[in-house]
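What follows is a set of notes on a single structure, which appears directly below.
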Amino acid sequence: MFARWVDIDEMSGLIVRGIRPGDGDGCARAWRDAGRYYAALVPEVIHEPDAQGLAEWFERGIADERSDDTLWLVAEDDGQVVGVIEAVVNRPSPDARWQLQRDLSRVRLVITALAVAEGYRRKGAGTALMEAAQTWGRRKGAEVAVTDTNLSSPLSVPFYENRMGYDRQAVILRKTLAPE
1 MFARWVDIDE MSGLIVRGIR PGDGDGCARA WRDAGRYYAA LVPEVIHEPD
51 AQGLAEWFER GIADERSDDT LWLVAEDDGQ VVGVIEAVVN RPSPDARWQL
101 QRDLSRVRLV ITALAVAEGY RRKGAGTALM EAAQTWGRRK GAEVAVTDTN
151 LSSPLSVPFY ENRMGYDRQA VILRKTLAPE
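Anchor point for the sequence shown: position 98 equals 98 in UniProt numbering, and the numbering is continuous, going up by one each time.
Printed below as a string of structure tokens:
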């Protein structure tokens, strides 16, 4: 665990640190804010998570044992959790030499989740979380970082492409199947 990973601004009190018991409420707030945001954009795909039991769900996850290749960090401002990121390092696939995708032969940092409370968006919390995760990934041998987001988002697409320097590499296609 990281006691204090990054100090963004001594005046603001924003820090990035390892997740710990008691962070469930703040993680739940950021997660619901993200759900509310994306549900408004693409309600056929995303819904706002149920508030009842959400903080406890996070606390159970926090208590779970994680591998050395899994990272869970929070951004904290003046003692309040305002953002959360989860990342994992994926090692090269044993069958990489037969795969089409070159990245399957590389150590990859996969950002599996990033959520920042609404009042902290565009204020550096997401950037700090991403930079901390990328630094951790590099230390674990990662050569590339990947994540996904919804293309309908005027918030996250520019964040990843313009702010964080990620390039679009794939498109996920989806179709709702009507019952027969």
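From the three backbone atoms N, C-alpha and C, an ideal C-beta is built for every residue, glycine too.
Candidates the options, of which the one nearest residue i by Cα
| i | options | result |
| --- | --- | --- |
| Pro154 | Ala28, Tyr38, Gly24, Asp68 | Tyr38 |
| Trp136 | Val81, His47, Val110, Ala170 | Val110 |
| Arg17 | Asp64, Glu131, Trp57 | Glu131 |
| Arg108 | Leu100, Leu114, Gln134, Tyr120 | Gln134 |
| Arg174 | Pro21, Phe159, Leu151 | Leu151 |
| Asp148 | Pro43, Thr112, Ala125 | Thr112 |
| Leu73 | Gly26, Val45, Glu118 | Gly26 |
| Phe159 | Ile172, Thr127, Thr176, Arg91 | Thr127 |
| Ile19 | Val81, Trp98, Val157 | Val81 |
| Ala34 | Pro92, Glu76, Leu114 | Leu114 |
Through-space distance from residue j to residue i, alpha-carbon basis
| i | j | result |
| --- | --- | --- |
| Val144 | Met164 | 13 Å |
| Glu161 | Gln169 | 11 Å |
| Met1 | Glu86 | Its pLDDT being 38, under 50, Met1 is placed unreliably by the model, and the measurement read from it follows with that caveat. Using only the alpha carbons, I get a separation of about 13 Å. |
| Asp23 | Leu71 | 15 Å |
| Pro94 | Val171 | 25 Å |
| Arg139 | Glu180 | 51 Å |
| Gly79 | Arg106 | 38 Å |
| Pro43 | Lys123 | 26 Å |
| Val116 | Gly13 | 16 Å |
Cβ neighbour criterion (16 or more within 10 Å) applied to residue i
| i | result |
| --- | --- |
| Gly141 | exposed |
| Ala178 | exposed |
| Ser67 | exposed |
| Asp64 | exposed |
| Asp167 | exposed |
| Arg32 | buried |
| Ala51 | exposed |
| Glu56 | exposed |
| Leu129 | buried |
| Val89 | buried |
| Arg29 | buried |
| Thr176 | exposed |
Assigned secondary structure, residue i (DSSP; H/G/I helix, E/B strand, else coil)
| i | result |
| --- | --- |
| Val171 | coil |
| Gln80 | strand |
| Ile19 | coil |
| Leu114 | strand |
| Leu129 | helix |
| Leu177 | coil |
| Leu14 | strand |
Sheet register partners of residue i (DSSP bridge)
| i | result |
| --- | --- |
| Ala145 | Leu109 |
| Asn90 | Arg108 |
| Ile85 | Leu73, Leu114 |
| Leu41 | Partner(s): none; Leu41 has no beta bridge. |
Within-9 Å CB hit, residue i to chain D
| i | result |
| --- | --- |
| Ala87 | No chain D appears in this structure, which consists of one protein chain only. |
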